[in-house]
Amino acid sequence: MAKKQKRKGNSGNSDGASVQVAQEQTALDIRSFLYVGGRDCQVAHLRQIASKHGAELIHHDGGLREAVSRIDTVLPSVDCVFCPIDCISHDACLRVKTGCKKFGKTFVPLRNGSKSSLERALQTMKERNDERRTS
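The numbering of the sequence shown is the working numbering, which starts it at 395 and goes up by one.
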């Protein structure tokens, strides 16, 4: 509810959108993340969701056309990894999980490859970061 009030308060200010993105980015603490798997037709929508939260989405198709070994080269440069478990190969999922352990990255399995699933996961991470800051 407070989030809607902030948006209404910033609607007359041209810098309001950039301030809100900066606030969400600070609260989320994610600058970029790797999204492995999913549906190719949704990548543009997923990028919009990521940018709304102030983050950059890097996509890997999970081994359909891209080499699974590319995951190892991308992992060190991202803050966390999202992986929809219904739209990914077993090999790619295992590679992501072991890579996250190796590089100390957060691994977030998603129930499915839907847009709302990613949105919920990002919102949950934001809320947890907010709670951690206040305590």
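C-beta atoms are modelled at their ideal positions from N, C-alpha and C, and glycine is treated no differently.
> Is V502 near A486, with beta carbons less than 9 Å apart?
Replying inline: Working through the sequence shown from its first residue, we reach residue 502 at position 108. Working through the sequence shown from its first residue, we reach residue 486 at position 92. No.
> Once you ignore the five residues that flank K509 on each side, which residues in its own chain have a CB closer than 8 Å to its CB?
Replying inline: On the sequence shown, position 115 is the one that residue 509 refers to. Counting only residues of its own chain and dropping the five nearest sequence neighbours on each side, K509 has a CB closer than 8 Å to the CB of Q436, H439, L440, I443.
> Exposed or buried, which one is Q476 when buried takes at least 16 other CB atoms within 10 Å?
Replying inline: In the sequence shown, counting from the first residue as 1, residue 476 sits at position 82. This sequence places Phe at residue 476; Gln is not what is there. Classification for F476: buried.
> Is it a yes or a no for the region 453-467 touching the region 486-499, going by three-plus beta-carbon pairs under 8 Å?
Replying inline: Touching, per the Cβ criterion.
> Per DSSP, what kind of secondary structure is E450 in: helix, strand or coil?
Replying inline: As a working note, residue 450 is residue 56 in the sequence shown. Residue state, collapsed to three classes: strand.
> Can K446 and L469 be called in contact, C-beta distance under 9 Å?
Replying inline: Your numbering for residue 446 matches position 52 in the sequence shown. Your numbering for residue 469 matches position 75 in the sequence shown. Between K446 and L469, the C-beta spacing is not below 9 Å.
> By DSSP, does L512 sit in helix, in strand, or in coil?
Replying inline: Residue mapping note: residue 512 aligns to position 118 of the sequence shown, counting from 1. DSSP places L512 in helix when its eight states are reduced to three.
> In angstroms, rounded to a whole number, what distance separates the CA positions of L495 and D524?
Replying inline: Your numbering for residue 495 matches position 101 in the sequence shown. Your numbering for residue 524 matches position 130 in the sequence shown. The sequence shown places Lys at residue 495, rather than the Leu named in the question. Here the alpha carbons of D524 and K495 stand approximately 25 Å from one another.
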